[in-house]
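Worksheet: one structure, shown below.
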């Protein structure tokens, strides 16, 4: 069976993640504020720029720029720490996220700006607001209205690349279905080109994660790394000869990562 691959190159990434069974992961503004706090703190330690975002009730979109090949670790810490916060606050257990996050690597300027419009248009499509820039949990809202945004957003193209008038004009121009289709096809072609040049990291063989593991803490961290890199709970439990429920418990706790 061919090794699965995941693009984690330094550069621009459109990240999407949903709640398990499409259930809510943000029940109120405080939850969304906490998620942004976690993003901001983790961005500082991983050299991440958050160019845009939207936090809906049951999913989120992020447009991030990585300076290093550390996207999986960044996302692992963000999702694990928020899940710990959410489960503790609401006295729940089990997975919070539907699956590992989905990401698309962006190498075209046109697609980059389309993604921004797509992200900012999410609340309009969901009928949570009537206009782009009026929904509180997007970067555009914070630029246009509150004039406050997280440290991780200060280098965003929305702040550095536009003045307020230009930003309003940019967001006011809607994108068409044809444009999305064209750019999606273009992105797929570029992914194939990247694969041909072998610049996409291959997911490591499972045994590599557990070389020289001699403590429970290191084992748990290796389990989290293997899972978020693409290995299944079943494969990990079989390899370690432990129960799947133990693997699930470790993934839920994320206990090798510090809280906020």
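In our numbering, the protein residues as written are 311 to 570.
From the three backbone atoms N, C-alpha and C, an ideal C-beta is built for every residue, glycine too.
Computed from a prediction, not measured in an experiment: that's the story for all the values here.
Residue 369 versus residue 523: straight-line alpha-carbon distance, rounded: 35 Å
Under 7 Å between C-beta atoms of residue 546 and residue 557: yes
In DSSP terms, what residue 371 is bridged to: 326, 364
Separation of residue 417 from residue 474, as counted between CA atoms: 26 Å
Helix, strand or coil at residue 400 [DSSP, three-state]: The answer is coil: DSSP assigns residue 400 none of H, G, I, E or B.
Paired residues, beta bridge with residue 413 - DSSP: Bridge partners of residue 413 according to DSSP: 325.
DSSP state of residue 552 mapped onto helix, strand, coil: coil
Cβ distance (whole Å) where residue 330 is taken to contact residue 405 below 8 Å: 5 Å
Distance between beta carbons of residue 468 and residue 362, contact taken as under 8 Å: 6 Å
Per-residue DSSP class, three states only, for residue 376: strand
Beta-bridge partners of residue 359, as assigned by DSSP: 375
Stretch pair the segment 423-440 + the segment 342-349: three plus CB contacts closer than 8 Å: no
Reference residue 409, options 441, 373, 543, closest by Cα: 543
One or two residues paired with residue 448 in a DSSP bridge: Partner(s): 364.
For residue 485, the first and last residue of its enclosing alpha helix (DSSP H): Run containing residue 485: none; DSSP gives neither H nor E here.
C-beta atoms of residue 388 and residue 355 nearer than 7 Å: no
Counted within 10 angstroms of its Cβ, other Cβ atoms place residue 340 as buried (16 or more) or exposed: Classification for residue 340: exposed.
Heavy atom of the ligand MG within 6 Å of residue 411 beta-carbon: Among the components of this structure there are no ligands whatsoever, and the ligand MG is therefore not found.
Range of the contiguous alpha helix (DSSP H) that encloses residue 430: 419-435
Per-residue burial, residue 574 [other beta carbons within 10 Å of its own, 16 or more giving buried]: Any answer about residue 574 is impossible in this case: the structure gives the chain only from 311 up to 570.
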